[in-house]
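Colleague: One structure follows; several queries about it will come next.
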Amino acid sequence: MKYQLPRGTKDILPGEVKIWQKIEDVCRKIFEKYGFAEIRTPVFEQTELFARSIGTTTDIVTKEMYTFLDKKGRSLTLRPEETAPVVRAGLQNNLISPDSIAKLYYLGPMFRYERPQAGRQRQFNQAGLEFFGSLDPKVDVEVITVAVELFNALGLEGLEVDLNSVGCKQCQPKYIEALKQTLNKQAKELCEDCKERLKMNPLRVLDCKNKGCQKFITKVPSATETLCPECKVHFEQVCKYLKARGITYNSKVRLVRGLDYYTRTVFEVVSKKLGAQNAVCGGGRYDNLVKDLGGPGIPAIGFAVGMERIVELIKDQVAGQDLKPALEYFIVCMNAEAREVAFGLLTKFRAEGKTAEMDFQNKSFKAQMKAADKSGAKFAVIIGEEELRQKAVTVKDMKSGDQTKAAL
RNA sequence: GCGGCCUUGGUGUAGAGGUAACACAGCAGAUUGUGGUUCUGCCUUCAGGGGUUCGAUUCCCCUAGGCCGCCCCA
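Here's what the structure looks like:
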C-alpha cells in the first residue's frame, strides 16, 4: 500500500461511526437540556491565541502545536483545545459580556503533535462546554453535574470524579512560592524531571509518579490549605453542593492541570479501564482568561470530554450489535429486460420513502438472492419472464419464505 | 522528546535460514427461476529499504507504523 494515514490519526469506519453518532446525540441532548447552545469555530486560529491562553511554558504550546505559516506569512495553529477559540468567538460576536450568562458547547477535532499510544492521538475529538459570567460555586457544580449526567446517560460505569482547587491570582503565587521553598531544600533528592519542573512549573512536581519524589510531596502543604479565604469558601461551597446533589468525588489535593489558565476549581473524570491515558474528561474554572484575551473580566468554567476514550469504553460494553440499517426491498432480476423494469421500480420505491436496492454487477439470479439475503432486506422482489409477461412482481418474505404476486 | 516490545493475505493467526500454512470474510459454482446449512474452486500476504549469506520472510542495521511505559493530556 503506497499511502497510509498520517501518524497518530485514525479512520473511523462505518461500523464504528454508529457508536460515534450515538455518543454525539447524547452529548447534544444533555448539553442542551442544561441550556448550552452549540458553537462551531474554525479548526485553526492565530497561533498567538493559544500561546496566550494555554501558557507559553506548557507542553502543549512548547512542543505539541501544529503551527504553520500561510501564504501571507501569518502564523496559524491547528487548535489543540477549544476553550480559547470559544472565548475568542464569544468576544468577537458579542455572545459573552459581564452582565449576562453565556452557555456554549462544541464537538469536534483537536490536534496535538504528541507521541501516539492507546488513548492518545494527534487528531482526536472532544466534546465540551463553557459557562461564562458567574463566580457562583453553584455553577461549578452545575458544570460537573453535566459531565456526570453525560456519563450516566452513556451507561458508563466505574468512573470517578477527582476534584481540587488551585486558587486564584492572589493565593496561587503564594502557594507556588511556598512549594518552591519546601522542595528546594530537598531538590537534590528529586528526580531529574522534577528538578526541571521546580524551575518551570512547580505545581507539576505534585503529580510526579516517582516514588522518591512522592515521599516529599506528601509532606508538602496542599493547595487547599493555603487558599485565600475567598477561594477556600468557594471550594467548600463546591464540595457542599456536590454532596447535596449526591455526586461523589475524590478530593485530590495533588490534582493539577496542564493548562495555565485554570483558577480555583479543577476536576477530572477518570476511568480505571483505560491504562495510562485514563482521563475521559478534564476541566476547571478560568476566571482570568477572558480578560487575558483582551475582553472584560468575565469568570468562566468548562470542561472537555475525550471522545475516543469514551468510544473505547462504550465498545467494551456494547460489543457486536447489529449496525446495519434495515432494508425493506431487494429487487432480484432474471434478465436484462427485468433489470430495466427493476431500475424504474427502484425509483418508485424511493419516491414512496421506502429503502430498496438492486444488483448493479450483472450477477446471476442465485447470486442476487444471496445478496438480498446478506443485505438483510425484509422482502426480495423477484422479476422474471413470467412476471414481465404478467406485468407483475413476486414478493418474497425473506424470513418466512412466503411468496405472493403483486401487480406492477 | 526518551526507553522497551512488536509488524505474515481484507481480518485473526501458524511457521521456519532454502522462498509460505490455517480459519473467517470476499468472489464463483454444485444442471435449466429462488437466499440463509453443506461441499468445491478462486482470490490476496511475509511494512519499506539496505546488509550478512550460495540463498532471508526468518539474522543484523536503518526508516515507517503500532502497542506499552515515561512525559503530558482528552
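In terms of my numbering, the first sequence opens at residue -19 and continues consecutively.
Yeah, the Cβ is synthetic: ideal placement off N, Cα and C, and Gly gets one too.
None of the values given here were measured: they were computed from a predicted structure.
(1) Excluding sequence positions up to five away, which residues of its chain have a Cβ less than 7 Å from the Cβ of Phe359?
(2) Please list, in chain order, all residues of the same chain as Leu239 whose beta carbon is under 6 Å from its beta carbon, the five residues on each side excluded.
(3) Rounded to whole angstroms, what's the CA-CA distance from Gln101 to Gly(-12)? Just pull it up for me.
(4) Can you list, in chain order, the residues of its chain with a C-beta nearer than 7 Å to that of Phe48? Leave out the 5 residues immediately preceding and following it.
(5) Is it buried or exposed for Gln106, if we count other Cβ within 10 angstroms and need 16 for buried?
(6) Please list, in chain order, all residues of the same chain as Leu(-15) whose beta carbon is under 7 Å from its beta carbon, the five residues on each side excluded.
(7) Within 8 Å, do at least three Cβ pairs link the region 73 to 93 to the region 105 to 121?
(8) Per the DSSP calculation, Val89 is bridged to which residue(s)?
(9) Please report the straight-line C-alpha distance between Ala316 and Lys2, rounded to a whole angstrom.
(10) Please name the residue in Thr204, Ile40, Val270 and Glu367 whose C-alpha comes closest to that of Arg95.
(11) In this structure, does DSSP put Phe467 in helix, strand or coil?
(12) What is the DSSP secondary structure of Glu337, counted as helix, strand or coil?
(13) Using only the alpha-carbon positions, how far apart do Gly300 and Leu368 sit?
(14) Return the CA-CA distance between Glu4 and Thr245, expressed in angstroms with no decimal places.
(15) Excluding the 5 residues preceding and the 5 following Ala392 in the sequence, name in chain order all residues of the same chain whose CB lies nearer than 7 Å to its CB.
(16) Just mark Gly147 as buried or exposed, buried being the case when its beta carbon has 16 or more other beta carbons within 10 Å.
(17) Give the DSSP bridge partners of Glu140, in chain order.
(18) Within the region 172 to 227, note down every full alpha helix (DSSP H) run reaching 4 residues or more, in order along the chain.
(19) Helix or strand or just coil, what does DSSP make of Asp79?
(20) Is Val(-3) buried or exposed, if buried means 16 or more other CB atoms sit within 10 Å of its CB?
(21) Fully enclosed by the region 252 to 302, which alpha helix (DSSP H) runs are 4 residues long or longer?
(22) Smallest Cα separation from Lys199: which of Ala331, Leu163, Lys168 and Cys219?
(23) Could you work out which residue in Arg54, Val270, Leu222 and Glu176 is closest to Thr27 when comparing CA atoms only?
(24) Identify which residue in Ala372, Asn342 and Leu136 has its Cα closest to the Cα of Val250.
(25) Take Val312 as the anchor and find which of Lys350, Asn258, Phe283 and Thr335 has the nearest alpha-carbon.
(26) State yes or no: is the C-beta of Ile363 within less than 8 Å of the C-beta of Ala322?
(27) What residue range is occupied by the uninterrupted beta strand (DSSP E) comprising Ile40?
(28) Going by DSSP, what residue range makes up the alpha helix (DSSP H) through Glu25?
(29) Helix, strand or coil for Arg95 per DSSP?
(30) May I have the straight-line CA-CA distance separating Ser231 from Thr63, to the nearest angstrom?
(31) Looking at the unbroken beta strand (DSSP E) that takes in Asp396, where does it start and where does it end?
(32) Return the chain-ordered list of same chain residues with a C-beta closer than 6 Å to the C-beta of Ile(-1), the five sequence neighbours on each side being excluded.
(33) Of all the options Glu176, Phe340 and Leu186, which has the alpha carbon lying nearest to the alpha carbon of Ala158?
Modeller: Put simply:
(1) Glu308, Tyr309, Val375, Lys376, Asp377 and Met378, listed in sequence order.
(2) By the criterion of a C-beta distance shorter than 6 Å, Leu239 is surrounded in its chain by Ile34, once the five residues flanking it on both sides are discounted.
(3) Between the C-alpha atoms of Gln101 and Gly(-12) there is a straight-line separation of about 5 Å.
(4) Within the same chain, Leu56 come within 7 Å of Phe48 by CB-CB distance, once the 5 residues on both sides are set aside.
(5) The residue in question, Gln106, is buried, as its Cβ has 16 or more Cβ neighbours within 10 Å.
(6) Cβ neighbours of Leu(-15) beyond the five flanking positions: Asp(-9).
(7) Using a C-beta cut-off of 8 Å, the region 105 to 121 makes contact with the region 73 to 93, since at least three inter-stretch Cβ pairs fall below that distance.
(8) Sequence inspection shows Pro at residue 89; the Val mentioned does not correspond to that position. Partner(s): Asn105.
(9) Going by the C-alpha atoms only, they are around 42 Å apart.
(10) When only C-alpha atoms are compared, the closest one is Ile40.
(11) Lying before the first or after the last residue shown, residue 467 is absent from the chain, which here runs from -19 to 388.
(12) In this structure, Glu337 counts as strand in the three-state DSSP scheme.
(13) Residue placement at Gly300 is poorly supported in this model, since its pLDDT is 47, which falls under 50; the coordinates still yield a value, given next. Straight-line Cα distance between these residues: approximately 42 Å.
(14) Cα to Cα, the separation comes out at about 26 Å.
(15) Past the boundaries of the shown model lies residue 392; the chain is included only from -19 to 388, so the question cannot be answered.
(16) Classification for Gly147: buried.
(17) DSSP lists Val250 as the beta-bridge partner residues of Glu140.
(18) Fully enclosed alpha helix (DSSP H) runs of 4 or longer: 172 to 180, 191 to 197 and 209 to 224.
(19) Here Asp79 sits in coil by DSSP.
(20) With fewer than 16 Cβ atoms within 10 Å of its Cβ, Val(-3) is classed as exposed.
(21) Correct list: 269 to 272 and 287 to 297.
(22) Out of Ala331, Leu163, Lys168 and Cys219, the CA that lies nearest to the CA of Lys199 is found in Leu163.
(23) Of Arg54, Val270, Leu222 and Glu176, the residue nearest in Cα terms is Arg54.
(24) Out of Ala372, Asn342 and Leu136, Leu136 has the C-alpha closest to the C-alpha of Val250.
(25) For the set Lys350, Asn258, Phe283 and Thr335, the Cα lying nearest the Cα of Val312 is the one of Lys350.
(26) Less than 8 Å divides the Cβ of Ile363 from the Cβ of Ala322.
(27) First-last for Ile40: Asp39 to Lys43, but that is the alpha helix (DSSP H), not the beta strand (DSSP E).
(28) Not the alpha helix (DSSP H): Glu25 falls in the beta strand (DSSP E), residues Phe24 to Gln26.
(29) Arg95 sits in coil when the DSSP states are folded into three classes, being neither helix nor strand.
(30) Looking at the two C-alpha atoms, the distance is approximately 25 Å.
(31) Only positions -19 to 388 of the chain appear in this structure, which leaves residue 396 out of reach.
(32) Answer for Ile(-1): Val291 and Ile294, listed in chain order.
(33) Of the listed residues, the one whose Cα sits closest to Ala158 is Leu186.
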